[in-house]
Each structure stands twice: as structure tokens, then as C-alpha cells.
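Report on the following structure.
In our numbering, the protein residues as written are 228 to 351.
In C-alpha cells form, the structure reads like this:
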């Protein structure tokens with residue numbers, strides 16, 4: 228079913244008849260923000276992280292981890308079986324040995340060295 232101008236006009240008369248153009252832009256902005264948040268949530272990996280997930284907090288977490296040294300890392304590593312540590316431009320996932328064995332047994336269609344290389348590479 229193709230959406231035509233008549234469909235939009237019917238929708239506008241039915242639901243948006245008493246709104247101004249400014250509120251239409253506000254609704255559009257809300258829809259875009261919800262869509263972006265949902266797409267981020269869909270790709271989010273649920274691994275415990277050290278510090279924040281956003282860029283600035285990730286930089287602060289990297290500095291704090293470098294300052295605190297091995298005791299902060301060993302405390303996290305003993306508490307969680309898998310942790311995500313920030314670096315300035317990327318993340319490093321540290322896993323305990325039982326998860327490494329699981330990675331070695333995973334089939335090639337689930338894990339790809341070439342795809343991982345393209346993810347890390349700055350070239351498109």
C-alpha cells in the first residue's frame with residue numbers, strides 16, 4: 228500500500244488539526260530521538276563496562292584506569308567473567324579462560340576476523 232498525500236492530509240486533519248507547526252517539529256524531533264535511542268539499544272552489548280559508555284566519560288575512564296593501575300583491573304576481572312575496558316578510540320573486551328574456549332569453538336559464520344579488522348580500521 229503506497230502512502231499518498233491524501234493519506235497524510237487525512238491523518239493531519241484527524242490527529243493534528245489543533246497543533247501548530249512548531250509542535251509538529253517537536254514531535255518529529257521526539258520520534259527521531261526515540262529511533263536513535265532504540266537503534267543504539269539494539270546494538271548495545273550487555274557486558275559490564277569500566278566507566279561510561281559515551282566518548283567524554285570514556286576518555287575520563289581511560290585516564291582513571293591508567294592512574295589506578297593493575298589493582299582496579301584485577302578487582303574488575305575477579306568480579307566479572309567478562310569486562311569492557313575503554314581506550315581512547317575503541318573498546319577492549321577481556322574475558323576469562325572459559326569464555327575463550329567458547330570463542331575457539333564458535334563457527335566462522337558467527338565470528339569473522341575480516342569483519343573485525345574492518346571495524347577497527349580507520350579506512351572505509
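Glycine included, C-beta positions come from ideal geometry on N, C-alpha and C.
Rounded to whole angstroms, the separation of the alpha carbons of residue 336 and residue 317 is 23 Å. Taking a C-beta distance under 8 Å as the contact criterion, residue 289 and residue 311 do not qualify as a contact pair. Residue 341 places its beta carbon 8 Å or farther from that of residue 330. Listed in chain order, the non-local C-beta contacts of residue 253 below 6 Å within the same chain number zero, local neighbours out to five positions each way being set aside. For residue 232, the enclosing alpha helix (DSSP H) begins and ends at 232 to 242.
Straight-line spacing of the CA atoms in residue 285 and residue 307 works out to 19 Å. The continuous beta strand (DSSP E) containing residue 313 extends over residues 309 to 313. Using a Cβ distance threshold of 8 Å, residue 309 and residue 283 do not count as a contacting pair. Residue burial annotation: residue 267 is exposed, with fewer than 16 other C-beta atoms found within 10 angstroms of its C-beta. Here the C-alpha atom of residue 242 lies approximately 39 Å from the C-alpha atom of residue 273.
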